[in-house]
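For reference, the structure is listed below as structure tokens.
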Amino acid sequence: MKIKYNKSTLLKIEQLFKDLDYTIRYEKGQFQSGYCIIHQKKIVVINKFFDIKGRIENLMDILNDITYGLDPIPESFQDFTEILQKRPETETEAS
Numbered sequence: 011m012k013i014k015y016n017k018s019t020l021l022k023i024e025q026l027f028k029d030l031d032y033t034i035r036y037e038k039g040q041f042q043s044g045y046c047i048i049h050q051k052k053i054v055v056i057n058k059f060f061d062i063k064g065r066i067e068n069l070m071d072i073l074n075d076i077t078y079g080l081d082p083i084p085e086s087f088q089d090f091t092e093i094l095q096k097r098p099e100t101e102t103e104a105s
């Protein structure tokens, strides 16, 4: 299965982070995207100037870096999560 770079995929990934208790913030600036834990708050910061493809790729990279179990993820998202972790071939699609 290929991951499509579209708004629907981005929304699914954002929901996945929400289910993992991470807050995603889109901020402007000249920086690399990343994640941090400050005072027990899980925050992911993404450059707001990235296009959908850049946002998805950065969120997938961060998802592969963080440690989590499948327990907090709803069953409907577990297959999607496994696909993201495997870094499958991707396909560009305009939304």
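So the numbering used here is basically just the index in the sequence shown, starting at one, shifted up by 10. Glycine included, each C-beta is placed from N, C-alpha and C at the ideal position. Nothing here was measured: the structure is a model prediction, and the numbers come from that model.
For K52, the enclosing beta strand (DSSP E) stretches over residues 51-57. Taking L69 as the centre and dropping the five residues before and after it, the same chain places the C-beta of I23 closer than 6 Å to its C-beta, in chain order. The residues S43, in chain order, have a CB closer than 6 Å to that of N57 in the same chain once the five nearest residues on each side in sequence are set aside. If you check the CB distance, I66 and Y32 do not come in under 7 Å. Within the same chain, and ignoring the five residues on either side of F59 in sequence, the residues whose Cβ sits closer than 8 Å to its Cβ are K38. Using a Cβ distance threshold of 7 Å, I62 and L20 count as a contacting pair.
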